[in-house]
Structures are given as structure tokens and as C-alpha cells.
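S.K.:
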Amino acid sequence: MLQTLLVSCTLALLRVSPGQAQVPIQANFDASQFQGTWYVVAAASDDPGFLDAKDSMKMPVVWVSPVANGDLALKFGYSMPDGGCQKMDTTFSRGAVDGQFSNAAMAQTDIRVVSTDYAHFAVLYLETQKAGVRNVWLQLFARTPEMFPEGAEKMRQLAPQVGLNPSEGTLLAKSGERCPHPARGCQAPAPPTDSRCRQKDQAARSVWAWGEGWLAGWCPSGGGHRQGGSALQGK
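Those letters in the sequence shown? Residues -21 to -1, 1 to 214, per mature numbering (1 follows the signal peptide of the UniProt record, and there is no 0), in order.
#1: Please list the terminal residues of the continuous alpha helix (DSSP H) segment that includes residue 134.
#2: Can you give the Cα-Cα distance for residue 103 and residue 117, rounded to whole angstroms?
#3: Residue 59 by DSSP, collapsed to three states: which one?
#4: Would you say the stretch 41 to 54 touches the stretch 70 to 78, given that touching needs at least three Cβ pairs under 8 Å?
#5: Using CA coordinates, which residue listed in 14, 138 and 133 is at the minimum distance from residue 24?
#6: Residue 6: which of 76, 108 and 124 sits nearest, CA to CA?
#7: Just mark residue 9 as buried or exposed, buried being the case when its beta carbon has 16 or more other beta carbons within 10 Å.
#8: Could you give the residue range of the alpha helix (DSSP H) that holds residue 21?
#9: Could you tell me the distance, in whole angstroms, from the CA atom of residue 121 to the CA atom of residue 110?
#10: Can you tell me whether residue 39 is buried or exposed, with buried defined as 16 or more other CB within 10 angstroms of its CB?
#11: According to DSSP, is residue 45 helix, strand or coil?
#12: Suppose the cutoff is 6 Å on Cβ atoms and the five residues either side in sequence are ignored; what does the same chain contact list for residue 79 look like?
#13: Using a 10 Å radius around the Cβ and a threshold of 16 neighbouring Cβ atoms, would you call residue 153 buried or exposed?
#14: Tell me which residues share the same chain as residue 89 and place their Cβ nearer than 6 Å to its Cβ, disregarding the 5 neighbours each side in the sequence.
#15: Can you tell me whether residue 83 is buried or exposed, with buried defined as 16 or more other CB within 10 angstroms of its CB?
#16: Is residue 143 near residue 131, with beta carbons less than 9 Å apart?
#17: Taking Cβ to Cβ, would you say residue 41 is nearer than 9 Å to residue 63?
#18: Bridge partners for residue 106 per DSSP, in chain order?
#19: For my contact list, residue 43 and residue 13 are in at a C-beta cut-off of 8 Å; report their separation, rounded to the angstrom.
#20: Is it true that the CB of residue 112 sits closer than 9 Å to the CB of residue 2?
#21: Roughly how many angstroms lie between the CA atoms of residue 16 and residue 123, to the nearest whole one?
#22: Nearest by alpha-carbon distance to residue 85: which of 129, 67 and 98 is it?
#23: Leaving out the 5 sequence neighbours to the left and right, which residues in its chain are closer than 6 Å to residue 95 when beta-carbon positions are compared?
#24: Roughly how many angstroms lie between the CA atoms of residue 128 and residue 108, to the nearest whole one?
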């Protein structure tokens, strides 16, 4: 009887795909320690729009502020191909537990702060649902525009658990000092039209390709081939 039960449990586990594995949440997540400036130094996703232009994407800077109701307010600053800067504001709505959020406006159904030491790095997991298609994302935040080894290792370990492989990740290039702080010195962009979302120019497309997940409420899901490039490799 016990052996039968063990076999049944094993088979049940084997039927769970990597992307369905339970993704952890930072224990005792503290939004007050998480607030402040972060840089998105690396990202990985199976989203076609992200994969199509990930190799030319620049590093956003993010300002995180906790809200009294438990939400997180985020301001993103992006360097533009013409040398300017744009910003985007969004809100992570608090979920069932501290450290879990969602963003209905951007089709982000599950956002989790998987691991953070607050002072150096944070690993975020996101799921998006667009037109019935589910995609997963990992993002590595750092307090400075440099890769932090412990955070990179945690992201590398988590990737196969959520169904991502190294070719689907990238280290984001520094964007210089064009966007020193998303709370000032940037112009808020108007929602792009469908024609802008379909631009062929790689430089312009890269700006919105990074925002494919964040801007899912504005732009239709992209397609296209997957380009090779600098994948995120663990060290």
C-alpha cells in the first residue's frame, strides 16, 4: 500500500512541467527595505518579443516605493536610441502573501520577489497572460548597474525550475547616465500605437521589446524569430 502511494506521488510529480513548479517567495518580505533605486541588470523570458530584441536592450533604472495598502509603486527610466530618456509608472498590487503581487493592466498575473538581500540584489519572477498565451520572466535587480554574483547564481538556479534555459536570458547593457533617476529628468511616453509596436528598426524596437511584458496592455504580443546573442550564463 505504501509502495503504491509512493509510486503514485512520483508519477504525479513527473507530470508537473518545469514552468508549473512552485516558485518560492522571499520569506518575511519587507517592502520598506525593498524600496529605493534598483537597476535591472539581467532578464530571461520565453516571450517571443523579448527574445527577438533582447540583445540590443538597455538597462532600465527603477525606483520602488511602498504604498500604504501593501502595493508597490514603480517608476522605470529608459534610455532612448536618440539619447533621450523616457519613463513609465506602474503599480504592483499586493497578493495573498507579502512579496507576491500582480499587475492586471500589464497582464502580469503573478509577480514574486523570489530572493533578495535588500542591499545588493533581488530576483523577480513574473508570469504574463496575453491572448491566452502564458509566458514566464525572470529579472535580476541590483542596487548598482553591476552584476552581483549571489543574485546571478540564484537566478541561474531558478531558471530551469521555471522552464527557462540560458539562451533565453541576457545581460542588459548599461545605458549610461541618460536616465540617472526615473523620478526626474524624463518624459512620460504616450502609449505606443500598433504601428510603433511593429517598427522594424532594431534600435527603436528594442525600447518597446523590453516593455513587451510591462506594456502588454498597450502592445499586442509580438512574434518573429529568435536571435542568438549574449545569453545569461551562471558562473
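Beta carbons: idealized from backbone N, C-alpha and C, even for Gly.
M.R.: Well, looking at it:
#1: First-last of the alpha helix (DSSP H) with residue 134: 128 to 137.
#2: A straight line joining the alpha-carbon of residue 103 with that of residue 117 spans about 6 Å.
#3: Residue 59 sits in coil when the DSSP states are folded into three classes, being neither helix nor strand.
#4: These segments touch.
#5: Selected option, being the one with the closest Cα: 138.
#6: If we check each option's Cα against that of residue 6, 76 comes out closest.
#7: With a 10 Å radius around the Cβ and a threshold of 16 neighbouring Cβ atoms, residue 9 comes out exposed.
#8: Going by DSSP, residue 21 is part of no alpha helix (DSSP H) but of the beta strand (DSSP E) stretching over 15 to 24.
#9: Each residue's alpha carbon lies about 32 Å from the other.
#10: A residue is called buried when at least 16 other Cβ atoms come within 10 angstroms of its Cβ; residue 39 meets this threshold and is buried.
#11: In this structure, residue 45 counts as strand in the three-state DSSP scheme.
#12: Contacts found: 4 and 91.
#13: Per the 10 Å Cβ criterion, exposed.
#14: Residues 106 of the same chain have their beta carbon placed closer than 6 Å to that of residue 89, with the five preceding and five following residues left out of the count.
#15: Around the beta carbon of residue 83, fewer than 16 other beta carbons lie within 10 angstroms, which makes this residue exposed.
#16: At a Cβ-Cβ threshold of 9 Å, residue 143 and residue 131 do not count as neighbours.
#17: Here residue 41 is not near residue 63, since their CB atoms are 9 Å or more apart.
#18: Answer is 89 and 115, bridged to residue 106.
#19: Taking C-beta atoms under 8 Å as the contact rule, residue 43 and residue 13 qualify, at a distance of about 6 Å.
#20: For the pair residue 2 and residue 112, the CB atoms are not nearer than the 9 Å cut-off.
#21: Looking at the two C-alpha atoms, the distance is approximately 8 Å.
#22: Comparing Cα positions, the closest option is 67.
#23: Here residue 95 has 5 and 101 as same chain residues with Cβ atoms under 6 Å from its own Cβ, once five neighbours each way along the sequence are excluded.
#24: Between the alpha carbons of residue 128 and residue 108 lies a distance of about 31 Å.
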